[in-house]
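Colleague:
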Amino acid sequence: GCNLQGEIPNSLFELENLSLFSVIGNLLEGELEVDKFLKHKMLVSVELCFNKLSLLVNGKNPSNASLSRIQGLGLASCNLKEFPHFLQDMPELSYLYMPNNNVNAFPSWMWGKTSLRGLIVSHNSLIGNISPLICNLKSLVHLDLSFNNLTGMVPSCLGSSIQSLQSLVLKGNKLSGPVPQTYMITSALRMIDLSNNNLHGQIPRALLKCRMLEYIDISHNQMNDSFPCWLGTHPELKVVALRDNHLY
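Count the sequence shown with our numbering and you get residues -19 to 228, in order.
Structure (structure tokens):
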């Protein structure tokens, strides 16, 4: 956030002990070779978000990716049209932040990235259904696929298979069908945002099992149910948004 301009100087990549590299919110431009930050043995976090940068990958599988120790990678507004293939070979990647790109599909190898704790792919061009294979990501804590063009139903396994999940944000899509009824009694869910979709049916009473729930937004859908007074029994609930449905 310093209004820095021009290209990222190569000299920065010669700092052998660099562990955090963040240039978020500047006016940096030009092509950035991925190999430059994959080769670092100490680098654990790279944040390139909200600039005018373009990633340049030398070959489909950079040789340094499998040796990378990077855990957090921020690639928001990096002019990406697909998930960079080198992500598949990064063994310690746990947080992927990729909003504001033009990605339209998840690659099949994504569902094998079981180390992922955060997957943020909002404001992209994702189409089609949410694959139930997403529930292979058992370590997920934060999932945000908001403001895409996703269709079909919300996978029921999101509420039952991923017990670590704390925030589920799917707002601003074209999802249809009911809100899943399956939620674990040990659920860690704190935030559920399914607003601005085409969901219908009843508000699932199984949400009573989510005793840590603090925020729920299902506004701007087609829910048809009596007013959920039972939500008042939640000990941690602070925000409830139900507007523009068919509640009575």
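Quick reminder that beta carbons are idealized off the backbone N, C-alpha and C, glycines included.
Within the continuous beta strand (DSSP E) that includes K189, where are the two ends?
Modeller: Note, K189: premise wrong, no beta strand (DSSP E); not H, not E.
Colleague: Quick one: using the 10 Å Cβ neighbour count with 16 as the cut-off for buried, is F207 buried or exposed?
Modeller: Classification for F207: exposed.
Colleague: Rank D197, E216, S74 and L0 by C-alpha distance to the C-alpha of S175 and give the top, closest one.
Modeller: The residue with the shortest Cα to Cα distance from S175 is D197.
Colleague: Please return the same chain residues whose Cβ sits closer than 6 Å to the Cβ of L36, not counting the five positions on each side in sequence.
Modeller: Excluding sequence neighbours, L36 sits near E11 and E13.
Colleague: Just reading off the alpha helix (DSSP H) that K16 is part of, what are its end residues?
Modeller: Per DSSP, K16 belongs to the alpha helix (DSSP H) from D15 to L18.
Colleague: Would the beta-carbon of F(-7) fall within 8 Å of that of K16?
Modeller: Yes, Cβ-Cβ distance for F(-7) and K16 is below 8 Å.
Colleague: Can you grab the Cα-Cα spacing for the pair S105 / M90, in whole Å?
Modeller: Their backbone Cα atoms lie some 17 Å apart in a straight line.
Colleague: Look up M22 in the DSSP assignment and say whether it is helix, strand or coil.
Modeller: Three-state DSSP puts M22 in coil, outside helix and strand.
Colleague: Inspect the beta-carbon positions of F163 and G132 and report whether they are closer than 8 Å.
Modeller: Here the sequence assigns Tyr to residue 163, which means Phe is not the residue at that position. No, the pair does not count as a contact, with Cβ atoms beyond the cut-off.
Colleague: Quick one: what's got a C-beta closer than 8 Å to N109's C-beta in the same chain, skipping five residues either side?
Modeller: The answer, listed in chain order, is L130, T131, G132 and M133.
Colleague: What is the DSSP secondary structure of S126, counted as helix, strand or coil?
Modeller: Reduced to three states, the DSSP call for S126 is coil.
Colleague: Buried or exposed, going by whether 16 or more other CB atoms sit within 10 Å of the CB of G92?
Modeller: When all chains shown are included, G92 counts as exposed.
Colleague: Under the three-state reduction of DSSP, which class applies to E194: helix, strand or coil?
Modeller: E194 falls in the coil class under three-state DSSP.
Colleague: Going by DSSP, name the residue or residues bridged to T131.
Modeller: Looking at the DSSP assignment, T131 forms a beta bridge with N109.
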